[in-house]
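So the numbering used here is basically just the index in the sequence shown, starting at one, shifted up by 88. Step one of this worksheet: look at the structure below.
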Amino acid sequence: MGMSPKAASDYAFLRGNVFTQFVHLKSDVPPIMRGPIGSTLLMFKRFQVKDLELGFDILRRGDFPAAGKYFGAKALMGGFKALTHPVTLMTGGGYLTLETYRKLKEKYGQQTANFIAYGLPGLVGIDMSY
């Protein structure tokens, strides 16, 4: 990228660490999560917030190949549940309704229904979408 070692190190820290992982900086915490009540109620939702930020940033930049890889990897590793989990946490909706899961299971079998709902790990009975 044509950077000096120091500039490359700073860029890697900002893009690879601060931008994609949760860092305990006040500027990295949404205002609703800064107070005592919000930080207590939402203490385990920080990763989901970062996940949403990363996905929306990829789409905002118009980097559709990266968006395909990002959402494709989420779908393979966590199925439909992983794709909808952050939004579900914010809206209180469901992942894949039980009725839909049952219809998939009835029509295509349990392995296919598990794959769609939980991704590749669902083929061996594991749900890694949390």
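Even glycine gets a Cβ: it sits at the ideal position worked out from N, Cα and C. The structure presented is a predicted model; accordingly, all values stated were derived computationally and were not measured.
Q) Pairing CB atoms from the region 93-104 with CB atoms from the region 124-138, are three or more of them under 8 Å? A) no
(Q) Tell me the DSSP secondary structure of Phe168 in three-state form. (A) Residue 168 sits at position 80 when you count from the first residue of the sequence shown. Helix at Phe168.
Q | Lys195, DSSP secondary structure in three states | A | Translated into the one-based positions of the sequence shown, residue 195 becomes position 107. Three-state result, Lys195: helix.
Q: Output the distance between the C-alpha atoms of Asp145 and Ile204, rounded to the nearest integer angstrom.
A: Translated into the one-based positions of the sequence shown, residue 145 becomes position 57. Translated into the one-based positions of the sequence shown, residue 204 becomes position 116. Rounded to whole angstroms, Asp145 to Ile204 spans 26 Å at the Cα level.
Q.
Using the three-state DSSP reduction, which class does Asp151 fall into: helix, strand or coil?
A. Within the sequence shown, residue 151 is the residue found at index 63, counting from 1. Correct three-state label for Asp151: coil.
Q | Within 9 Å, strictly: CB atoms of Val106 and Pro118 | A | Locating residue 106 in the sequence shown gives position 18, counting from the first residue. Locating residue 118 in the sequence shown gives position 30, counting from the first residue. Going by C-beta atoms, Val106 is not nearer than 9 Å to Pro118.
Q.
Classify Lys169: buried if its beta carbon has 16 or more other beta carbons within 10 angstroms, exposed otherwise.
A. Looking up residue 169 in the sequence shown gives position 81. Buried, since its Cβ has 16 or more Cβ neighbours within 10 Å.
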